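Here's the structure we're looking at; comments come further down.
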Amino acid sequence: MRLKNRVAIITGAARGIGRAAAELFCREGAVVIIWDLLDVGEQTAQELRDQGFTCEFQKISTTDVPALEAAAREVAEKHGKIDILVNNAGITRDKTLLKMSHLEWQQVIDVNLTGVFNCTKAIVPYLVERQYGRIICTSSVVGVHGNFGQTNYAAAKAGVIAMCRTWAKELGKYNITANAVAPGFIRTDMTDAMPEEARQATIATIPLRRMGDPADIAYAYLYLASEEASFVNGQVLGVNGGQAS
Ligand SMILES: NC(=O)c1ccc[n+]([C@@H]2O[C@H](COP(=O)([O-])OP(=O)(O)OC[C@H]3O[C@@H](n4cnc5c(N)ncnc54)[C@H](O)[C@@H]3O)[C@@H](O)[C@H]2O)c1
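Residue numbers 1405 to 1649, in this note's numbering, belong to the letters of the sequence shown in order.
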């Protein structure tokens, strides 16, 4: 029970890595609130409630600032506090620079970069108020090394690291830590959309010769949210099977 009585908001937790994190955080004793725009988020929350956990779903986009402010207020009023935010929601719109439209650029920046700013901005007053907080942001191996066909995604994921390091410096005095996790190649709907040939080519670049599981990333989130990581601040934890390290 490493998160006993902690109140955690996890964005993009209707499915994939976020869902694995919601389940793990629940098992470790946290009250979990899922922020996602997919209706299946309610099913995810219900399945966790069926196992006896406290899990709620708020249908919301991380791009909707007034809705985020209202949702954060609702969580703080209902549960008395917010302890942990995992900025996990993300999208891809992959194209090479020659083919990428301005719309594809903007959509990814809006969710993967501005969305992280929006969610953190909405919850940070509640963390400061109680002089405690854990902010965890999902970057990517791509945000450190770049990747073919991912100008928009790589830029956003690099920006997430820079924001986290800035928040570590600004918020440390309030006993709030901010860290990033940089996943490698993880088996989810996001990577299922890749052509098989590209998937095999990527696996060949991973020393462990396999894709990661959503749980591999969820455990990294758990570590950074736990008391064991109370002196870890402004760091980027790569979880990538040794790829590009
Ligand atoms: N799968 C990988 O290999 C991999 C690698 C590196 C980083 N990541 C990052 O990990 C995170 C989770 O990815 P995943 O693989 O589980 O993807 P996924 O597509 O399975 O899940 C992403 C979730 O985010 C939600 N979401 C998207 N836009 C949203 C918005 N505007 N507001 C609220 N929710 C929104 C989706 O509805 C979905 O439930 C993402 O930030 C992704 O960029 C994934």
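We put the CB at the ideal spot given by N, CA and C, even for glycine. Computed from a prediction, not measured in an experiment: that's the story for all the values here.
If you look at Thr1595, you'll find it in the alpha helix (DSSP H) that goes Asp1593 to Asp1596. About 12 Å separates the beta carbons of Thr1466 and Thr1542, which is beyond the 8 Å limit, so they are not a contact pair. Separation of Gln1450 and Leu1502 (C-alpha to C-alpha, rounded to the nearest whole angstrom) is 44 Å.
Looking only at Leu1452, Tyr1530 and Arg1423, the smallest Cα-Cα distance to Trp1439 is reached by Arg1423. In this structure the stretch 1632 to 1649 touches the stretch 1581 to 1591; the number of beta carbon pairs closer than 8 Å is three or more. Proximity of the beta carbon of Asp1440 to ligand 1 is indicated: a heavy atom of the ligand is located closer than 6 Å. Under the 10 Å beta carbon count, Ser1505 is surrounded by fewer than 16 other beta carbons and is classified as exposed. Cβ atoms of Ala1412 and Ala1434 come within 8 Å of each other, at about 5 Å. When secondary structure is reduced to three states using DSSP, Asn1556 falls in the helix class.
Taking Ala1476 as the centre and dropping the five residues before and after it, the same chain places the C-beta of Ala1526 and Ile1527 closer than 6 Å to its C-beta, in chain order. For Arg1453, the uninterrupted alpha helix (DSSP H) segment begins and ends at Val1444 to Asp1454.
For Thr1500, the three-state secondary structure derived from DSSP is coil. Taking C-beta atoms as the reference points, Ala1586 and Val1532 fail to come closer than 7 Å. Relative to ligand 1, the beta carbon of Thr1595 is positioned inside 6 Å of a heavy atom. Within the stretch 1513 to 1597, the beta strand (DSSP E) runs of at least 3 residues that lie entirely inside it are, in chain order, 1537 to 1542 and 1580 to 1587. Under the three-state reduction of DSSP output, Val1643 falls in the strand class. Look at Phe1457 here: in three-state DSSP terms it is coil, with no helix or strand label. Annotated as distal: Gly1588 and Asn1551, with beta-carbon spacing of 7 Å or more. Contact check for Arg1406 and Ile1488: beta-carbon distance about 11 Å, past the 8 Å limit, so the pair fails to qualify. Of the candidates Leu1517, Cys1523 and Gln1535, Leu1517 places its Cα closest to the Cα of Ala1562.
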